[in-house]
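Quick note: the sequence shown uses the working numbering, first residue 14, plus one each step. Even for Gly, the Cβ is constructed at its ideal location relative to N, Cα and C. All figures in this text were calculated on a predicted structure; none of them were measured in a lab. Input: a single structure, listed below in structure tokens.
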Amino acid sequence: MKTTKAQGILLGLGVLGATGFLSTVQPAQAAPTFEVLTGRVIKNYVGNGFMMITDRGSTYTCTVNRGEPRRLSVGDRIQISGVYRHGAFRAQSFRMLRDR
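Here it is in structure tokens:
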């Protein structure tokens, strides 16, 4: 009888310990939402990056997966599609709507 009680107490402590451990595990982050942005280039960085302002007034720092077009310049109207991750919009496709 005493052995059974001791095992029950140990089992209970094990469950409580596991519950405490599970509460510290962080949930997985939600998958990024695929978006399409249309706007104008306001700054072109050296290399594969630029800043744009959307038609709705939001500003994004962007990179293009396959590299940005060489002819990209400030004032160009563009449309990009991709996801926002780690503080930057990562475009999977890029379309020039009109050169400035």
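{"Item": "Would you say residue 68 and residue 88 are within 8 Å of each other, going by their C-beta atoms?", "Value": "no"}
{"Item": "Beta-carbon within less than 7 Å of residue 57's beta-carbon, same chain only, minus the 5 sequence neighbours each way: which residues are those?", "Value": "63, 85, 86, 87"}
{"Item": "Can you list, in chain order, the residues of its chain whose CB lies under 8 Å from that of residue 72, leaving out five sequence neighbours each side?", "Value": "55, 64, 65, 66"}
{"Item": "Output the distance between the C-alpha atoms of residue 99 and residue 49, rounded to the nearest integer angstrom.", "Value": "18 Å"}
{"Item": "Can you give the Cα-Cα distance for residue 77 and residue 109, rounded to whole angstroms?", "Value": "13 Å"}
{"Item": "Once you ignore the five residues that flank residue 111 on each side, which residues in its own chain have a CB closer than 6 Å to its CB?", "Value": "90"}
{"Item": "Go ahead and label residue 80 buried or exposed: buried means 16 or more other beta carbons lie within 10 angstroms of its beta carbon, across all protein chains shown.", "Value": "exposed"}
{"Item": "Quick one: residues in its chain with C-beta nearer than 8 Å to the C-beta of residue 34, no 5 flanking neighbours on either side, listed in chain order?", "Value": "At residue 34, the pLDDT of 49 sits below 50, so the modelled position is not reliable and the matter cannot be decided from this model."}
{"Item": "So what's residue 70 in DSSP terms, helix, strand or just coil?", "Value": "coil"}
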